[in-house]
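Participant: Encoded as structure tokens, here's the structure I'll be asking about.
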Amino acid sequence: MSTTASAAKVREWYGEFRPDRTAVREARETARRLLPWLGYRGELDAPVLIVSELVTNAVAHGSAVEDTALLLRLAVHPCGGLSVDVTDSVAAPPELPTPPPSCEAESGRGLLLIDALGTHLTWETAAGGKTMRAFLPWGGTMRR
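All residue numbers for the sequence shown refer to this note's numbering, where the first residue is 531 and numbers rise by one.
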């Protein structure tokens, strides 16, 4: 776990979590506790939901039994926006469900929820896996 502040004044925190179901709750609690400390001035429900959904996806689709950790990065930018990065061990690109899940489905909405919150969602390959990044601008919505 580490915290840094660069010359550009991005305040960030990195932490590792075991890639199992307990990671989701622990990551949510960590985000709720640390975001104000990092200088995030917005409401916390949307960022905590983003953390929860990205970590849930990493546990469900981005990890294998032998994996020891997934990485969460929280970064508050000088503009007030927030980046949430989750790195897992599967390099395969994320896929939105096609067709979208039915109203009765209990899963399959995570990335759709993140998109609905007004984030800019991207992914890139990382050493031995991929990083999903959600950027939530100050004020919580992006122009589309």
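Virtual Cβ for every residue (Gly too), placed ideally from N, Cα, C.
Just so you know, these numbers come straight off a predicted model, no measurement behind them.
1. DSSP state of Gly-545, grouped into three classes?
2. How far does the alpha helix (DSSP H) with Glu-634 in it reach, from first residue to last?
3. Roughly how many whole angstroms lie between the Cα atoms of Gly-648 and Ala-561?
4. May I have a chain-ordered list of the beta strand (DSSP E) segments no shorter than 3 residues that lie completely inside the stretch 554-634?
5. Strictly by DSSP, which residues pair up with Thr-652?
6. CA-CA distance, Gly-610 and Ala-656?
7. Measuring straight from C-alpha to C-alpha, what distance separates Ala-646 and Asp-597?
8. Are Arg-663 and Trp-653 closer than 9 Å when you measure CB to CB?
9. Provide the residue span of the alpha helix (DSSP H) that contains Asp-645, from first to last.
10. For a quick check, are the C-beta atoms of Leu-604 and Val-581 less than 9 Å apart?
11. One question on the structure: do Val-616 and Leu-584 come within less than 9 Å of each other, judged by their Cβ atoms?
12. What does a CB cutoff of less than 8 Å around Ala-599 pick up in its chain, not counting 5 residues either side in sequence?
13. Between Pro-623 and the rest of its own chain, which residues show a CB-CB distance below 8 Å, the 5 nearest in sequence each way excluded?
Facilitator: Taking the geometry as given:
1. Working through the sequence shown from its first residue, we reach residue 545 at position 15. Residue state, collapsed to three classes: strand.
2. As a first step, residue 634 is located in the sequence shown; it is residue number 104 there, counting from the start. Where Glu-634 is concerned, there is no enclosing alpha helix (DSSP H), given that its DSSP letter is neither H nor E.
3. Position 118 of the sequence shown, counting from 1, holds the residue named residue 648. Position 31 of the sequence shown, counting from 1, holds the residue named residue 561. Cα to Cα, Gly-648 sits roughly 19 Å from Ala-561.
4. Every unbroken stretch of the beta strand (DSSP E) spanning 3 or more residues and falling wholly within the stretch 554-634 is given here in chain order: 600-606 and 612-618.
5. Indexing the sequence shown from 1 puts residue 652 at position 122. Answer is Arg-663.
6. Translated into the one-based positions of the sequence shown, residue 610 becomes position 80. Translated into the one-based positions of the sequence shown, residue 656 becomes position 126. Computed Cα separation, rounded: 26 Å.
7. Here the question's residue 646 lines up with position 116 in the sequence shown. Here the question's residue 597 lines up with position 67 in the sequence shown. Rounded to the nearest angstrom, the two C-alpha atoms are 31 Å apart.
8. By one-based count along the sequence shown, residue 663 stands at place 133. By one-based count along the sequence shown, residue 653 stands at place 123. Yes, they are a contact pair.
9. Working through the sequence shown from its first residue, we reach residue 645 at position 115. Start and end: 640-646.
10. Here residue 604 corresponds to residue number 74 of the sequence shown, with the count starting at 1. Here residue 581 corresponds to residue number 51 of the sequence shown, with the count starting at 1. Cβ atoms of Leu-604 and Val-581: closer than 9 Å.
11. Locating residue 616 in the sequence shown gives position 86, counting from the first residue. Locating residue 584 in the sequence shown gives position 54, counting from the first residue. In this structure, Leu-584 lies closer than 9 Å to Val-616 by Cβ.
12. Your numbering for residue 599 matches position 69 in the sequence shown. Closer than 8 Å at the Cβ level, and outside the excluded window around Ala-599, lie Glu-546, Phe-547, Arg-548 and Pro-549.
13. To locate residue 623, count along the sequence shown from 1; it is residue 93. Closer than 8 Å at the Cβ level, and outside the excluded window around Pro-623, lie Trp-653 and Lys-660.
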